[in-house]
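S.K.: Provided herewith is a single structure, encoded as structure tokens, for subsequent inquiry.
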Amino acid sequence: MVALPYLWLLLFFVVPFVIVLKISFSDVDLAIPPYKPLLEWVGKNSLAIHLNFNNYAFLFTDSLYVDALLNSIKVAFISTIFCLLIGYPMAYGIARSETRTRNLLLLLVILPFWTSLLLRVYAWIGLLKANGVINNILIWLGLIHEPLTLLYTPFAMYIGIVYSYLPFMILPLYANLEKMDWQLLEAAEDLGCRPYQAFYKITLPLSRNGMLAGSMLVFIPAVGEFVIPALLGGPNALMIGRVLWDEFFSNRAWPVASAVAILLLVILVPFMMWYQSVQARESAGAR
Amino acid sequence: MTTSVGAVKAAPWKDPNARPYVQVDGVSKTFGDFKAVDDVSLKIYKGEIFCLLGASGCGKTTLLRMLGGFETPSAGRIFIDGEDMTGVPPYERPVNMMFQSYALFPHMTVEQNVAFGLKQDRVPKAEIAERVATMLDLVKLGSFAKRKPHQLSGGQKQRVALARSLVKRPKLLLLDEPLGALDKKLREHTQFELISIQDQLGVTFVVVTHDQEEAMTLASRIGVMNHGEIVQAGTPSEIYEFPSSKFVADFVGSVNIFEGKLVEDEPEYVRIASDELGATLYVSHGISAAPEAVVWAAVRPEKIFMSTARPEGTDNVVRGAVQDIAYLGDLSIYLVKLATGKIVRVTQPNTSRHAEAITWEQQVYLTWDPSSPVVVTR
Numbered sequence: 117m118v119a120l121p122y123l124w125l126l127l128f129f130v131v132p133f134v135i136v137l138k139i140s141f142s143d144v145d146l147a148i149p150p151y152k153p154l155l156e157w158v159g160k161n162s163l164a165i166h167l168n169f170n171n172y173a174f175l176f177t178d179s180l181y182v183d184a185l186l187n188s189i190k191v192a193f194i195s196t197i198f199c200l201l202i203g204y205p206m207a208y209g210i211a212r213s214e215t216r217t218r219n220l221l222l223l224l225v226i227l228p229f230w231t232s233l234l235l236r237v238y239a240w241i242g243l244l245k246a247n248g249v250i251n252n253i254l255i256w257l258g259l260i261h262e263p264l265t266l267l268y269t270p271f272a273m274y275i276g277i278v279y280s281y282l283p284f285m286i287l288p289l290y291a292n293l294e295k296m297d298w299q300l301l302e303a304a305e306d307l308g309c310r311p312y313q314a315f316y317k318i319t320l321p322l323s324r325n326g327m328l329a330g331s332m333l334v335f336i337p338a339v340g341e342f343v344i345p346a347l348l349g350g351p352n353a354l355m356i357g358r359v360l361w362d363e364f365f366s367n368r369a370w371p372v373a374s375a376v377a378i379l380l381l382v383i384l385v386p387f388m389m390w391y392q393s394v395q396a397r398e399s400a401g402a403r
Numbered sequence: 149m150t151t152s153v154g155a156v157k158a159a160p161w162k163d164p165n166a167r168p169y170v171q172v173d174g175v176s177k178t179f180g181d182f183k184a185v186d187d188v189s190l191k192i193y194k195g196e197i198f199c200l201l202g203a204s205g206c207g208k209t210t211l212l213r214m215l216g217g218f219e220t221p222s223a224g225r226i227f228i229d230g231e232d233m234t235g236v237p238p239y240e241r242p243v244n245m246m247f248q249s250y251a252l253f254p255h256m257t258v259e260q261n262v263a264f265g266l267k268q269d270r271v272p273k274a275e276i277a278e279r280v281a282t283m284l285d286l287v288k289l290g291s292f293a294k295r296k297p298h299q300l301s302g303g304q305k306q307r308v309a310l311a312r313s314l315v316k317r318p319k320l321l322l323l324d325e326p327l328g329a330l331d332k333k334l335r336e337h338t339q340f341e342l343i344s345i346q347d348q349l350g351v352t353f354v355v356v357t358h359d360q361e362e363a364m365t366l367a368s369r370i371g372v373m374n375h376g377e378i379v380q381a382g383t384p385s386e387i388y389e390f391p392s393s394k395f396v397a398d399f400v401g402s403v404n405i406f407e408g409k410l411v412e413d414e415p416e417y418v419r420i421a422s423d424e425l426g427a428t429l430y431v432s433h434g435i436s437a438a439p440e441a442v443v444w445a446a447v448r449p450e451k452i453f454m455s456t457a458r459p460e461g462t463d464n465v466v467r468g469a470v471q472d473i474a475y476l477g478d479l480s481i482y483l484v485k486l487a488t489g490k491i492v493r494v495t496q497p498n499t500s501r502h503a504e505a506i507t508w509e510q511q512v513y514l515t516w517d518p519s520s521p522v523v524v525t526r
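Okay, structure coming up:
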């Protein structure tokens with residue numbers, strides 16, 4: 117039984133990772149699959165290994181990749197900040213509500229997961245497009261006379277990402293705040309803090325681990341996000357996930373695409389490790 | 149049970165001209181339909197340790213929280229040092245509270261916890277350091293300044309909480325079950341420590357507790373609460389020796405209560421016929437009750453004498469069989485079953501190591517001094 121998670125990881129993480137790693141060191145080939153094997157029999161008794169590092173070098177010669185990567189990190193970072201700003205008051209409100217309303221509110225947070233992400237993103241297209249719900253309401257109210265360009269803008273992309281990832285921020289934050297001893301706030305007020313000072317000096321530092329956990333859960337997948345920028349962000353949304361997709365399916369440059377994937381992973385591993393250590397600290401109960 | 153060694157040596161509550169330091173004036177608190185505190189009026193004087201004693205749910209903590217400003221009274225007013233506290237939030241009251249859970253900030257060291265209130269008041273750094281150090285020395289935690297709360301024992305946490313609430317030199321310190329989380333030995337030790345600290349600083353304490361022994365040890369006066377009301381307020385010995393009702397007599401210490409009818413009512417003495425006792429009680433002090441009224445005579449277990457030989461006289465003498473014995477070392481508790489079926493609790497000090505012990509099923513006579521029973525009418 118103990119081996120089961122490891123078997124799972126082996127099958128669905130280690131093996132695919134090794135395959136992608138292998139492809140990232142290969143040469144492109146016009147064949148199926150479109151890359152040359154790493155190992156080749158030369159003569160009868162010798163085996164040759166062709167390791168091609170050019171795929172990685174190429175990522176740094178064409179500024180497209182570095183730009184896309186930096187832009188992805190920027191988008192993920194800004195989205196994380198917005199998720200935190202919107203998610204914190206929500207998580208706080210849920211944690212401080214009565215038990216009965218609390219369960220209802222939590223259900224409402226999770227409810228969007230009952231439909232597919234794709235459907236929800238398409239719904240946003242319906243809301244944001246030129247003759248969509250939002251523009252129609254604004255025109256009807258007389259606030260604008262011509263439809264605003266909302267769709268296929270960075271604004272639409274941020275809305276999509278923040279909307280989709282908000283529950284990943286709220287849930288760990290709620291789990292953290294729910295454990296909070298609210299009497300500490302009374303103690304702080306007793307010692308001279310106004311309520312907002314008590315929040316700043318007690319609640320905020322004590323929910324640090326929840327904020328970190330939520331931020332990592334938003335940031336890590338948002339860096340590699342492909343669907344939302346592709347559907348809402350328009351052609352100029354240069355995200356590393358999209359570059360990867362294009363390399364793979366449009367250019368059929370599997371080795372370069374694999375190198376992009378490996379690079380992305382290498383960049384995200386420290387964040388994942390950080391998240392792990394935060395989780396470990398959180399479950400150990402030390403603050 | 150010891151009487152108070154509290155700071156108030158004089159008894160300001162007996163002086164009608166003394167100015168109360170804390171005045172609770174007709175305060176009530178209702179939560180929905182539930183009346184947690186019901187028209188409580190109290191006067192607490194400077195330097196007192198006033199204990200609010202009662203079972204859980206009697207409203208004592210709600211009353212304390214109203215003093216601290218964490219609950220708003222539904223009716224009535226609270227004055228502290230002459231100032232009306234109505235509408236004054238906790239952070240502006242000259243009051244500090246020691247919480248039952250201690251509520252130490254887990255992300256701060258002992259030192260930072262204690263300094264918190266002073267920093268909040270923008271006290272100069274050097275002064276903060278000095279006052280925190282003095283306070284930590286006072287609670288004997290000088291060497292623990294850099295520890296975090298989770299690295300401390302229960303007793304140490306309790307002392308940090310005390311230091312934190314005292315360092316701002318409040319006019320009034322509220323303590324919610326201050327010793328509740330400590331084990332028995334440590335509790336006894338800490339009780340005396342608390343009294344000596346209170347004595348040194350001269351701060352007025354209001355302590356909430358459900359532990360009557362703790363209240364007796366700490367308090368200059370005790371307010372016994374039941375169903376949101378103060379049923380009796382007085383010094384520990386007043387409460388113990390002169391309870392005003394069955395409830396107080398029963399709640400504070402153990403007691404034998406005999407229901408009876410007033411048959412002779414003279415200013416100097418009364419006689420009470422009690423079916424429960426199966427005899428007549430002779431009480432050597434007058435009481436105020438209607439003739440023929442149903443009254444209750446309360447006799448403390450330690451005031452009953454037990455013997456195998458029949459004592460002289462006929463008043464206040466009953467016979468019974470020993471049903472149970474609890475040997476506690478310093479004293480023994482005997483449960484004696486009377487002919488009427490009533491069980492009487494008697495405690496006897498074990499003064500001799502080789503005394504011929506009274507054993508189970510033995511027939512014994514019980515008697516008490518005619519001044520011992522307290523007669524209550526409710």
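Residue numbers (my numbering), protein chains in the order written: chain A, 117 to 403; chain B, 149 to 526. Note that beta-carbon positions come from the ideal geometry of N, C-alpha and C, so glycine has one too.
Taking Val523 (chain B) as the reference, which of B:Asp478, B:Glu407, B:Glu509 has the closest Cα?
M.R.: Counted from its first residue, the second sequence places residue 523 (chain B) at position 375. That would be B:Glu407, whose Cα lies nearest to the Cα of Val523 (chain B).
S.K.: Which same chain residues, not among the five before or five after Ala397 (chain B), have their C-beta less than 7 Å away from its C-beta?
M.R.: Residue numbering aside, residue 397 (chain B) sits at position 249 when the second sequence is read from its first letter. Excluding positions up to five away in sequence, the list reads Pro391, Val403, Ile405, Ala446, Val522, Val524.
S.K.: Determine the direct distance from the alpha carbon of Met332 (chain A) to that of Gly203 (chain A), and round the result to whole angstroms.
M.R.: The count along the first sequence starts at 1 and reaches residue 203 (chain A) at position 87. The count along the first sequence starts at 1 and reaches residue 332 (chain A) at position 216. When rounded, the distance between both Cα atoms is 14 Å.
S.K.: Which term fits Ala367 (chain B), buried or exposed, when burial requires 16 or more other beta carbons within 10 angstroms of its beta carbon?
M.R.: Counted from its first residue, the second sequence places residue 367 (chain B) at position 219. Per the 10 Å Cβ criterion, buried.
S.K.: Is the beta carbon of Ala211 (chain A) sitting closer than 8 Å to the one on Met296 (chain A)?
M.R.: The residue given as residue 211 (chain A) occupies position 95 in the first sequence. The residue given as residue 296 (chain A) occupies position 180 in the first sequence. Yes. Within cutoff.
S.K.: Name, please, each residue of chain A whose Cβ falls closer than 8 Å to the Cβ of His358 (chain B).
M.R.: In the second sequence, residue 358 (chain B) corresponds to position 210, counting from 1. Ordered by position in chain A, no residue passes the 8 Å Cβ test against His358 (chain B), which lies about 19 Å from the chain.
S.K.: Please list the partners that Ala291 (chain A) has in chain B, where partner means a Cβ-to-Cβ separation under 7 Å.
M.R.: For the purposes of this step, residue 291 (chain A) is taken as residue 175 along the first sequence, with counting starting at 1. The premise fails here: Ala291 (chain A) is roughly 17 Å from chain B at the closest Cβ pair, so nothing lies under 7 Å.
S.K.: Please list, in chain order, the residues of the region 302-316 of chain A that have any C-beta partner in chain B closer than 8 Å.
M.R.: The region 302-316 of chain A vs chain B, Cβ under 8 Å: Glu302, Ala303, Ala304, Glu305, Asp306, Leu307, Gly308, Cys309, Arg310, Gln313.
S.K.: Run down chain A in chain order and give the residues with a C-beta less than 9 Å from the C-beta of Phe182 (chain B).
M.R.: Start at 1 with the first residue of the second sequence, and residue 182 (chain B) comes out as number 34. What Phe182 (chain B) touches in chain A: nothing, since even the nearest Cβ is about 17 Å away.
S.K.: So what does DSSP say about Glu527 (chain B), is it helix, strand or coil?
M.R.: Summary: the structure shown does not reach residue 527 (chain B), with chain B confined to residues 149 through 526, and so no result is reported for it.
S.K.: Let me check understanding here. Comparing Cα to Cα, which of B:Gln171, B:Glu196, B:Cys199 lies closest to Asp187 (chain B)?
M.R.: As a position in the second sequence, residue 187 (chain B) is number 39, starting the count at 1. Per the Cα distances, B:Gln171.
S.K.: Ordered along the chain, which non-local residues of its own chain (more than five positions away) have a Cβ less than 8 Å from that of Pro439 (chain B)?
M.R.: On the second sequence, residue 439 (chain B) is found 291 positions in, with the first residue counted as 1. Counting only Cβ-Cβ distances below 8 Å, and skipping sequence neighbours, we find Leu410, Asp413.
S.K.: What residues in the region 244-277 of chain B have a beta carbon less than 7 Å from any beta carbon of chain A?
M.R.: Going along the region 244-277 of chain B in chain order, one finds Asn244, Met245, Phe247, Ser249, Ala251, Phe253, Pro254, His255, Phe264, Gly265, Gln268, Asp269 with a Cβ nearer than 7 Å to chain A.
S.K.: DSSP three-state call for Trp161 (chain B): helix, strand or coil?
M.R.: On the second sequence, residue 161 (chain B) is found 13 positions in, with the first residue counted as 1. Correct three-state label for Trp161 (chain B): helix.
S.K.: Across the region 298-311 of chain A and the region 234-248 of chain B, are there enough close Cβ pairs to call them in contact, namely three or more that are closer than 8 Å?
M.R.: Judged by Cβ distances under 8 Å, the region 298-311 of chain A makes contact with the region 234-248 of chain B, as three or more pairs qualify.
S.K.: Does Phe129 (chain A) pass the burial test, meaning 16 or more other C-beta atoms within 10 Å, or should it be called exposed?
M.R.: By one-based count along the first sequence, residue 129 (chain A) stands at place 13. It is exposed - the Cβ of Phe129 (chain A) has fewer than 16 other Cβ atoms within 10 Å.
S.K.: Thinking just about the alpha-carbon of each residue, which of B:Thr352, B:Leu486, B:Tyr475, B:Tyr482 is nearest to the one in Asp229 (chain B)?
M.R.: Counting from 1 along the second sequence, the entry for residue 229 (chain B) is found at position 81. Nearest option by C-alpha distance: B:Thr352.
S.K.: Comparing C-alpha positions only, which one of A:Asp183, A:Ser280, A:Leu307 sits nearest to Ser232 (chain A)?
M.R.: Within the first sequence, numbered from 1, the residue matching residue 232 (chain A) stands at position 116. The residue with the shortest Cα to Cα distance from Ser232 (chain A) is A:Ser280.
S.K.: Measuring only the C-alpha atoms, how far is Thr383 (chain B) from Ile370 (chain B)?
M.R.: The sequence position of residue 383 (chain B) within the second sequence is 235, counting from 1. The sequence position of residue 370 (chain B) within the second sequence is 222, counting from 1. Taking the straight line joining both Cα atoms gives about 6 Å.
S.K.: Measuring alpha carbon to alpha carbon, tell me which of B:Ala311, B:Glu424, B:Asn374 ends up nearest Leu266 (chain B).
M.R.: For the purposes of this step, residue 266 (chain B) is identified with residue 118 of the second sequence, where counting begins at 1. Cα-wise, what sits closest to Leu266 (chain B) is B:Ala311.
S.K.: For the region 201-220 of chain B, enumerate the residues whose C-beta is nearer than 7 Å to any C-beta of chain A, in chain order.
M.R.: Per Cβ criterion, the list reads Gly216, Phe218.
S.K.: Taking Leu322 (chain A) as the query, report the chain B residues whose CB atoms sit under 9 Å from its CB, ordered along the chain.
M.R.: Translated into the one-based positions of the first sequence, residue 322 (chain A) becomes position 206. Residues of chain B passing the Cβ test: Phe253, Pro254, His255.
S.K.: Is Leu87 (chain A) close to chain B? Criterion is C-beta to C-beta, closer than 8 Å.
M.R.: The first residue shown for chain A is 117 and the last is 403, placing residue 87 (chain A) beyond what the model contains.
S.K.: Does any CB atom of chain A fall closer than 8 Å to the CB of Lys319 (chain B)?
M.R.: Indexing the second sequence from 1 puts residue 319 (chain B) at position 171. No, Lys319 (chain B) lies away from the interface with chain A (no Cβ there is under 8 Å from its Cβ).
S.K.: Any C-beta of chain B sitting closer than 8 Å to the C-beta of Asp297 (chain A)?
M.R.: Against the first sequence, residue 297 (chain A) aligns to sequence position 181. Closer than 8 Å to some Cβ of chain B, the Cβ of Asp297 (chain A) qualifies, so yes.
S.K.: Which whole-angstrom value is the C-beta distance of Leu200 (chain B) and Met373 (chain B), which I expect to be below 8 Å?
M.R.: Translated into the one-based positions of the second sequence, residue 200 (chain B) becomes position 52. Translated into the one-based positions of the second sequence, residue 373 (chain B) becomes position 225. 6 Å between Cβ atoms; contact.
S.K.: Just the C-alpha distance for Arg501 (chain B) and Glu362 (chain B), rounded to the nearest angstrom, thanks.
M.R.: Mapped onto the second sequence, residue 501 (chain B) falls at position 353. Mapped onto the second sequence, residue 362 (chain B) falls at position 214. Approximately 30 Å between the Cα atoms of the pair.
S.K.: At a threshold of 7 Å, does Lys138 (chain A) count as lining the ligand COA (C-beta to nearest heavy atom)?
M.R.: Within the structure as shown, the ligand COA is missing, as the structure has no ligands at all.
S.K.: From the DSSP output, in three-state form, read off Lys183 (chain B) for me.
M.R.: By one-based count along the second sequence, residue 183 (chain B) stands at place 35. In this structure, Lys183 (chain B) counts as strand in the three-state DSSP scheme.
S.K.: Beta-carbon of Pro242 (chain B) versus every beta-carbon of chain A: anything under 8 Å?
M.R.: Here residue 242 (chain B) refers to the residue found at position 94 when the second sequence is read from its first residue. With 8 Å as the cut-off, Pro242 (chain B) does not count as an interface residue toward chain A.
S.K.: For Arg218 (chain A) and Val131 (chain A), what's the separation of their Cα atoms in angstroms?
M.R.: Locating residue 218 (chain A) in the first sequence gives position 102, where the first residue counts as 1. Locating residue 131 (chain A) in the first sequence gives position 15, where the first residue counts as 1. If I take the Cα positions, the gap works out to 42 Å.
S.K.: Answer with yes or no whether the minimum CB distance from Met388 (chain A) to chain B is below 8 Å.
M.R.: As a first step, residue 388 (chain A) is located in the first sequence; it is residue number 272 there, counting from the start. Closer than 8 Å: no.
S.K.: Is DSSP giving Gln510 (chain B) helix, strand or coil here?
M.R.: If you number the second sequence from 1, residue 510 (chain B) lands on position 362. Three-state DSSP puts Gln510 (chain B) in coil, outside helix and strand.
S.K.: Indicate whether at least one CB of chain A lies closer than 8 Å to the CB of Lys316 (chain B).
M.R.: Residue numbering aside, residue 316 (chain B) sits at position 168 when the second sequence is read from its first letter. Chain A contact via Cβ: present.
S.K.: With C-beta atoms as the reference, is Pro459 (chain B) less than 8 Å away from Leu479 (chain B)?
M.R.: As a position in the second sequence, residue 459 (chain B) is number 311, starting the count at 1. As a position in the second sequence, residue 479 (chain B) is number 331, starting the count at 1. No, the Cβ-Cβ distance between Pro459 (chain B) and Leu479 (chain B) is not below 8 Å.
S.K.: Return the first residue and the last residue of the beta strand (DSSP E) that Lys160 (chain A) is part of.
M.R.: Position 44 of the first sequence, counted from the first residue, corresponds to residue 160 (chain A). First-last for Lys160 (chain A): undefined, no H or E at that position.
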